[in-house]
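For reference, the structure is listed below as structure tokens.
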Amino acid sequence: SYDNRYFADFSGRIDGSSKYGKDKRFAPLWSVGVGWNLNNESFLKNAAWLSRLTVRGSIGLTGNQNFDPYVARTTLEYKDGFYYQSLGASFITYGNDKLEWQRSQKRNIGLDLEVMQRRLTVRFDYYNDLTSGLLLPVSVAPSLGFSSYTENFGEQRNKGYEFDLNAVIIRKKNFDWAVNISGTHNENSIEKISNALRALNDESNALETDQTKAIAMYEEGESLNAIKVVRSLGINPANGKELYLTREGKITEEWDYRDKIVAGCTDAKLEGNIGTNVIWKNFSLNLLFNYSFGGQVYNSTLAERVEGADPTTNADKRVLGERWQKVGDYTFYKDIADRTVSKASSRFVQDNNYLELSNISISYRFAPELLRKVGVSALRLGLNSSNLFYVSTVKRERGIEYPFARQFTFSLNLNF
41 SYDNRYFADF
51 SGRIDGSSKY
61 GKDKRFAPLW
71 SVGVGWNLNN
81 ESFLKNAAWL
91 SRLTVRGSIG
101 LTGNQNFDPY
111 VARTTLEYKD
121 GFYYQSLGAS
131 FITYGNDKLE
141 WQRSQKRNIG
151 LDLEVMQRRL
161 TVRFDYYNDL
171 TSGLLLPVSV
181 APSLGFSSYT
191 ENFGEQRNKG
201 YEFDLNAVII
211 RKKNFDWAVN
221 ISGTHNENSI
231 EKISNALRAL
241 NDESNALETD
251 QTKAIAMYEE
261 GESLNAIKVV
271 RSLGINPANG
281 KELYLTREGK
291 ITEEWDYRDK
301 IVAGCTDAKL
311 EGNIGTNVIW
321 KNFSLNLLFN
331 YSFGGQVYNS
341 TLAERVEGAD
351 PTTNADKRVL
361 GERWQKVGDY
371 TFYKDIADRT
381 VSKASSRFVQ
391 DNNYLELSNI
401 SISYRFAPEL
411 LRKVGVSALR
421 LGLNSSNLFY
431 VSTVKRERGI
441 EYPFARQFTF
451 SLNLNF
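Residue 41 is where the sequence shown starts when you use my numbering, and the numbers rise one by one after that.
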């Protein structure tokens, strides 16, 4: 650093791990960062309202070891007992001795701001990361003796921004009120995929065993979290069947995986937290909200539990009241007599915007002068709860297989 105005740092290392193939175990990793404290420059040094203003940037290469330790090694397990006087063994993992490091080139620029004696602080970061050698599992036929192996598949880019804002709105003798807002926006895209992954896409596309869900697909230029389904035009009021739009723009009742489009993405445009803290005399109140908007979700519950339910058994009331039953019915759900599997279509893709009160806590701290008379140094009472409030564009389904419970916790802290 120089004169508390300019600073820089550099780091370099070589990491090795036996998690990778025998010829690919070492990777050079490095990083460089620079920064500038503008608040210590002569043209801002005397600004009483400014405590800190720092501009910074960094670039570096990082590695990833967050996966099972034996994916590069073929590992077997001996079974109990003998078969024709021989001891048998089965696969635990099928190793890939060509496995390489998954590495990410990270680039970041940021800003730190503190004003009004730190009553307002802001941190902002923009990043652009490129990950190469993506490690993904490849599913294979169980008849081979193992279910999957790990492979390096291509490149993925993540870019976006993060921010964190803290503000003390009121600061008085017996009353304080502070607010914190944080948010993240991330855009994910596949830059390059291997031929093996293209073949995996073709195999997944051709499967029709579980088409009530949107199967993950990997295409260059698209997000890893893209929702790819066939475009739906809704339910035909004449016969209760679903109408689809083909890639040529024709209307049909036949579902074809080759007509799939990107109908949404599970990545939110913006998500984060909003928190507030209020202190009045000896009372304290903390609220924490979670929010998310701009993303989509494939609502498989509607496809499986409502449209896919058997109306002759115990089922959701929507099965009888909201499905197509006669000519002229305009409904969201297909013919109640149709027991075929509902294919993945844009009909079940919904905007996933929500606001949730994830935590609330209230506490009271007794005055020390009152406690000393009975030989107590501190006494605090508290009440805490979570998930008290939730609003969303997607109905939160509840049922006997996935029950929901709210918890309330009362606490008493006593010091002698």
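By construction, the Cβ of each residue, glycine as well, lies at the ideal position given by its N, Cα and C atoms.
Notebook entry, point to check: How is A525 classed by DSSP in three states: helix, strand or coil?
Noted result: One cannot answer for residue 525 here, as it falls past the ends of the chain, which runs 41 to 456.
Item checked: Cβ distance (whole Å) where Y167 is taken to contact I267 below 8 Å -> That pair is no contact at about 24 Å.
Notebook entry, point to check: Can you give the Cα-Cα distance for F388 and Y124, rounded to whole angstroms?
Noted result: 54 Å
Check: Which parts of the stretch 384–424 are runs of the alpha helix (DSSP H), unbroken and 4 residues or longer, counting only runs that do not cross its ends?
Finding: 408–411
Margin query: Could you compute how far the alpha carbon of G223 sits from the alpha carbon of I99?
Written below: 22 Å
Next item on the list: Please work out which residues of its chain come closer than 7 Å, Cβ to Cβ, to L90, disregarding the five sequence neighbours upstream and downstream, and give them in chain order.
Entry: N79, L84, V155
Checklist line | R143 (DSSP reduced to helix, strand or coil) | finding: strand
Item checked: Close beta carbons around N453, own chain, < 6 Å, minus the five adjacent residues each side -> R420
Notebook entry, point to check: What residue does the alpha helix (DSSP H) around V359 start on, and which one ends it?
Noted result: 358–361
Next item on the list: Put S183 into one of helix, strand or coil per three-state DSSP.
Entry: helix
Next item on the list: Drop a sphere of 10 angstroms on the beta-carbon of A343, count the other beta-carbons inside from all chains shown, and report buried for 16 or more, exposed for fewer.
Entry: buried
Next item on the list: Note down the Cα distance separating N104 from D169, rounded to an integer number of angstroms.
Entry: 13 Å
Note to self: I'd like to know whether the C-beta atoms of S426 and S398 end up nearer to each other than 8 Å.
What the structure shows: yes
Margin query: According to DSSP, simplified to helix, strand and coil, what is L174?
Written below: coil
Margin query: Closer than 8 Å is the cut-off here; do at least three beta carbon pairs connect the stretch 118–133 with the stretch 58–78?
Written below: no
Note to self: Can you give me the C-alpha to C-alpha distance between E231 and I132, rounded to a whole angstrom?
What the structure shows: 32 Å
Next item on the list: Indicate the three-state DSSP secondary structure (helix, strand or coil) for D350 in the structure shown.
Entry: coil
Next item on the list: Reducing DSSP to helix, strand and coil, say where Y110 ends up.
Entry: coil
Notebook entry, point to check: For the candidate residues V318, F329, K357, whose alpha-carbon lies nearest to that of F429?
Noted result: F329
Notebook entry, point to check: If you drop the 5 nearest sequence neighbours on each side, which residues of the same chain put their C-beta closer than 6 Å to that of P68?
Noted result: I54
Checklist line | Proximal residues to E140 (C-beta, below 6 Å), its chain only, five neighbours per side dropped | finding: K64, G173, N192
Checklist line | According to DSSP, residues forming a beta bridge with R271 | finding: Its beta-bridge partners do not exist; DSSP assigns none.
Margin query: Going by beta-carbon coordinates alone, are D375 and K281 separated by less than 8 Å?
Written below: yes
Check: Do you know offhand how far F333's Cα is from N148's?
Finding: 24 Å
Item checked: Start-to-end residues for the beta strand (DSSP E) that takes in F333 -> 323–338
Checklist line | Buried versus exposed, by CB contacts within 10 Å (16 or more), L502 | finding: Lying before the first or after the last residue shown, residue 502 is absent from the chain, which here runs from 41 to 456.
Notebook entry, point to check: In chain order, what residues of the same chain lie with their CB nearer than 6 Å to the CB of L205, ignoring the 5 residues before and after it?
Noted result: V162, I221
Item checked: Straight-line gap, N322 to F406 (C-alpha atoms, nearest Å) -> 7 Å
Item checked: Own chain residues within Cβ distance below 6 Å of A303, not counting five before or after -> I267, V269, S386, V389
Note to self: V72 and F107 - do their beta-carbons sit closer together than 8 Å?
What the structure shows: no
Next item on the list: Return the CA-CA distance between F444 and V359, expressed in angstroms with no decimal places.
Entry: 22 Å
Next item on the list: Could you check what DSSP says for R96 in three-state terms: helix, strand or coil?
Entry: strand
Checklist line | For T433, the nearest candidate out of Q447, V416, L411, L395 (CA to CA) | finding: L395
Checklist line | Selected residue, minimal CA-CA separation from L116, among A129, P109, Y110 | finding: A129
Next item on the list: Kindly indicate which three-state DSSP category Y189 falls into: helix, strand or coil?
Entry: strand
Check: Candidates D296, W217, Y201, S58: which alpha carbon is nearest D137's?
Finding: S58
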